[in-house]
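> Sharing a structure, written as structure tokens. Questions coming.
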Amino acid sequence: MDDSSGLKHKELEFTLAAVSQLSSSSLSSSSSSSSSVIARFSADSGVAELRFHRDSEFIDGFNVDIGTSQLFKLGPVQSLCVSESSGASKEKSYSRAVTIQFRNEDESRDFHSAFEQWQKDVIQAGIHLPNGAIAASKSKFDYKIEPSSAKMYFHYYGQLLHQQNMLQDYVRTGTYYAAVIENRVDFTGRVVVDVGAGSGILSLFAAQAGAKHVYAVEASEMAEYARKLIAGNPALAQRITVIKGKVEEVELAEKADILISEPMGTLLVNERMLESYIIARDRFLVPNGKMFPSIGRIHMAPFSDEYLFVEIANKALFWQQQNYYGVDLTPLYGSAFQGYFSQPVVDAFDPRLLVSPPLCHVIDFNEIKEEDLFEIDIPLKFIASVGTRVHGLACWFDVLFNGSAVQRWLTTAPGAPTTHWYQIRCVLSQPIYVMAGQEITGRLHMIAHNAQSYTMYLSLSAKMWGPGAVQGGILQTSSGKLDLKEPYYRMSQPQSYTMAQDQQPQQLLQAQAIPIHTEDLDEAELLRQPSENTGPQLQ
Ligand SMILES: C[S@@+](CC[C@H](N)C(=O)[O-])C[C@H]1O[C@@H](n2cnc3c(N)ncnc32)[C@H](O)[C@@H]1O
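If you read the sequence shown in our numbering, its first letter stands for residue 419, the second for the next number, and so on.
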């Protein structure tokens with residue numbers, strides 16, 4: 419039954435034991451209560467919201483927009499609600515989290531099902547405003563992604579120079595070409611959907627491989643260029659239809675036998691386009707249809723790199739000046755130091771820097787649910803091959819084209835031909851010392867945010883080692899929080915790994931600072947490796 423909000427469910431209230439807030443600037447700032455807290459589901463303001471009240475007072479800054487939030491269970495009576503910042507603060511904040519403590523398991527369960535139901539209604543029905551008007555029904559994409567991020571993102575992809583950058587990554591485009599052409603058997607006479615077609619290049623490959631018809635879906639202005647490019651290839655053009663729009667929103671005349679897409683961002687998941695690929699699967703693909711690619715793997719291994727560590731630590735030294743035009747800058751040193759270590763480093767590194775064999779986290783595009791990509795939690799366990807200082811976690815990815823004739827992997831591994839994705843390294847501000855044979859454990863926990871990327875929480879620990887060690891005991895732990903949306907592109911740095919890796923960090927800190935190449939890249943450009951001077955190494 420509809421109420422004035424237009425949602426099927428009436429306003430609901432839950433009494434909670436406590437709530438506390440994790441803001442992006444502080445992990446622990448909180449406002450938990452001694453008196454009980456009421457959580458109220460409401461659409462009073464025309465937006466479906468969860469509002470928290472204590473002693474009939476609204477708790478400012480805690481309200482969450484149900485349409486753009488995600489609720490996770492932390493334990494039987496504890497949950498975490500991650501949401502877009504919508505409070506009074508003007509501070510730029512991609513996401514914020516409220517920890518909710520329930521009084522018992524039943525109430526926790528009821529709360530979760532109410533949240534799920536409200537979210538479904540918001541997404542499916544749109545929201546009726548109190549004056550009777552109906553707010554435009556938003557798509558799944560619009561609910562998850564901040565409009566300013568989406569605008570910049572599609573503006574970036576609407577430009578030919580950025581499509582050219584990807585086309586000129588010959589490892590990437592050549593592997594797609596080979597995977598399609600060698601697997602003609604999968605394309606001949608089939609209906610294909612190209613998810614995020616860009617210039618239309620993969621649609622043209624699919625048509626070359628004999629596709630009966632290809633629907634090239636592209637949300638950015640690039641769709642117009644794709645039309646032009648396709649029209650200029652008349653032998654293929656009659657079998658390709660360009661559809662301008664988001665895969666979450668467009669309608670197609672028929673189902674697809676096969677999806678083709680290049681949805682991979684830095685560390686596979688940046689840009690959150692994999693979710694669009696999964697939505698396209700659920701909307702357009704016939705049961706048991708093929709996906710090109712069908713599997714993605716994130717590979718991870720601890721690394722040791724004194725140069726990189728010192729370079730990052732040195733960047734913050736600027737803020738140690740006590741007399742900068744008469745101003746003491748040191749109050750900001752700690753924040754600057756933390757800021758530099760929160761940037762994943764993007765470059766191509768020597769695989770000899772790896773301290774142990776890598777492990778991998780598999781994402782099966784045929785099976786995974788869109789929601790599974792909202793939070794990616796990877797337990798880490800390695801055995802150090804050498805005694806050294808570990809400076810963080812190195813990561814890269816690969817994807818599989820599981821063709822009926824030929825299987826092909828597109829890899830971005832260190833040591834393999836470089837792609838425009840390079841590799842990424844999460845550097846910890848506190849290195850850990852390991853001996854050969856010692857176990858390194860940890861966790862990489864990534865939480866999606868509404869700026870089309872992820873907040874990454876990394877921790878690494880060295881376990882007790884040697885005779886007499888307490889079973890399972892931890893010697894040292896180091897952790898960090900990084901934003902995958904704000905990487906540090908380091909490709910133009912001089913790379914030299916001739917120095918002994920056991921040189922003390924203090925000595926290096928005193929050494930001449932490595933000149934830092936700063937690139938004036940806008941936010942959208944940072945989603946991908948973008949500029950000409952840092953372009954992919956041509957084959
Ligand atoms: C990495 S590019 C790949 C372009 C092209 N397929 C290629 O391989 O060269 C991804 C493209 O997908 C488009 N895109 C991203 N999300 C989309 C969505 N939800 N719906 C439609 N297009 C999308 C972007 O605008 C961009 O052009």
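Virtual Cβ for every residue (Gly too), placed ideally from N, Cα, C.
For Q656, count neighbouring C-beta atoms within 10 Å of its own C-beta (all shown protein chains included) and say buried if the count is 16 or more, exposed if not.
Exposed.
> Just curious, the beta strand (DSSP E) that Q782 is in, first and last residue?
The question names Gln, but residue 782 is Asp in the sequence shown. Residues L777 to D782.
> If you draw a straight line from the C-alpha of S451 to the C-alpha of V437, how long is it?
Low confidence applies to S451: its pLDDT is 48, below 50, so where it sits in the model is not reliable, and the reading given next is rough at best. Roughly 7 Å between the two C-alpha positions.
> For S450, does the three-state DSSP call read helix, strand or coil?
The predicted position of S450 is uncertain, since its pLDDT is 47 and thus under 50; a value taken from the coordinates is nonetheless stated next. Coil at S450, not helix or strand.
> Between Q825, F727, V665 and I716, which lies nearest to Q756 when the distance is taken from Cα to Cα?
Nearest C-alpha to Q756: F727.
> Closer than 6 Å: is that where the CB of G592 sits relative to any heavy atom of ligand 1?
No - ligand 1 has no heavy atom lying nearer than 6 Å to the Cβ of G592.
> Just the C-alpha distance for E431 and A532, rounded to the nearest angstrom, thanks.
Spanning the two alpha carbons is a distance of roughly 10 Å.
> I need the DSSP call for F480, collapsed to helix, strand or coil.
Looking at F480 - three-state DSSP - the assignment turns out to be coil, as it is neither helix nor strand.
> Say the cut is 6 Å; is the CB of S638 nearer than that to a heavy atom of ligand 1?
Answer for S638: yes, Cβ within range of ligand 1.
> Expressed to the nearest angstrom, what Euclidean distance is found between the alpha-carbon atoms of Q577 and M864?
Distance between the alpha carbons of Q577 and M864: 30 Å.
> Does ligand 1 have a heavy atom nearer than 6 Å to the CB of L685?
Result no, Cβ not under 6 Å from ligand 1.
> Which residue from F710, A615 and I716 puts its Cα closest to that of L677?
Answer by Cα proximity: F710.
> Who are the Cβ neighbours of A766 in its own chain at under 6 Å, not counting the five residues just before and after it?
Excluding sequence neighbours, A766 sits near T836 and Y840.
> I'd like the span of the beta strand (DSSP E) that includes V611, first residue to last.
First-last of the beta strand (DSSP E) with V611: V609 to V613.
> With distances taken from CA atoms, which of D473, S566, H867 and T684 is nearest E793?
The shortest Cα separation from E793 among D473, S566, H867 and T684 belongs to H867.
> For I892, count neighbouring C-beta atoms within 10 Å of its own C-beta (all shown protein chains included) and say buried if the count is 16 or more, exposed if not.
When all chains shown are included, I892 counts as exposed.
> Within its chain, find whatever has a CB closer than 7 Å to the CB of L585; leave out the 5 residues flanking it on each side and keep chain order.
Only T591, S617 and I619 meet the Cβ criterion.
> With 16 as the cutoff for other CB atoms within 10 Å, does E594 come out buried or exposed?
For the record, residue 594 in the displayed sequence is Tyr; it is not Glu. Buried, since its Cβ has 16 or more Cβ neighbours within 10 Å.
> Would you report the Cα separation of A435 and D524, rounded to the nearest angstrom?
A435 and D524: Cα-Cα distance of roughly 13 Å.
> Whole angstroms is fine: what's the gap from S526's alpha carbon to G485's?
Their backbone Cα atoms lie some 20 Å apart in a straight line.
> Is the beta carbon of I850 closer than 7 Å to that of S897?
Going by C-beta atoms, S897 is not nearer than 7 Å to I850.
> Could you tell me the distance, in whole angstroms, from the CA atom of L900 to the CA atom of R608?
Distance between the alpha carbons of L900 and R608: 43 Å.
> From G707 to F819, what does the alpha carbon distance come to, in whole angstroms?
In a straight line, the C-alpha of G707 is about 13 Å away from that of F819.
> My parser needs the beta strand (DSSP E) runs of 3 or more residues fully inside the region 785-819; what are they?
For the region 785-819, whole beta strand (DSSP E) runs of length 3 or above, ordered along the chain, are 793-801.
> Applying the criterion that 16 or more other CB atoms from any shown protein chain within 10 Å of the CB defines a buried residue, is I545 buried or exposed?
Its pLDDT being 46, under 50, I545 is placed unreliably by the model, and nothing is read from it.
> Could you tell me whether any non-hydrogen atom of ligand 1 is closer than 6 Å to the CB of Y561?
Outside the cutoff, so no.
> If you reduce the DSSP assignment to three classes, tell me which class T830 lands in.
Correct three-state label for T830: coil.
> Quick test of your reading: V773 and V804, contact by CB under 8 Å. State the CB separation rounded to the nearest angstrom.
At roughly 6 Å, the Cβ-Cβ gap stays under 8 Å, so V773 and V804 are in contact.
> When the Cα atoms are used, what is the spatial distance from L445 to D675?
Residue placement at L445 cannot be trusted, given a pLDDT of 38 that sits under 50; what the coordinates show is reported in the next sentence. Going by the C-alpha atoms only, they are around 46 Å apart.
> Would you call the CB atoms of H769 and G833 closer than 7 Å?
Residue identity differs from the one stated: residue 769 is Pro in this sequence, not His. Yes, Cβ-Cβ distance for P769 and G833 is below 7 Å.
> Do you know whose CA, among L489, N601 and T517, lies nearest Q535's CA?
Among L489, N601 and T517, the Cα nearest to that of Q535 belongs to L489.
> Is there at least one non-hydrogen atom of ligand 1 closer than 6 Å to the beta-carbon of E523?
Flag unset: Cβ of E523 not near ligand 1.
> Using 7 Å as the threshold, is the C-beta distance between F815 and I716 below it?
In this structure, I716 lies closer than 7 Å to F815 by Cβ.
> Give every residue of the same chain whose Cβ lies closer than 6 Å to the Cβ of W737, excluding the five residues on either side of it in the sequence, and list them in chain order.
Excluding residues within five positions, the ones whose Cβ falls inside 6 Å are L747, L750, Y751 and A754.
> Would you grab the beta carbon distance between Q496 and I518 for me? Rounded to a whole angstrom, and I think it's under 8 Å.
Between I518 and Q496 the Cβ distance is about 7 Å, and since that is below 8 Å, they are a contact.
> Which class does E642 belong to by DSSP, given the choice of helix, strand or coil?
Helix, per DSSP.
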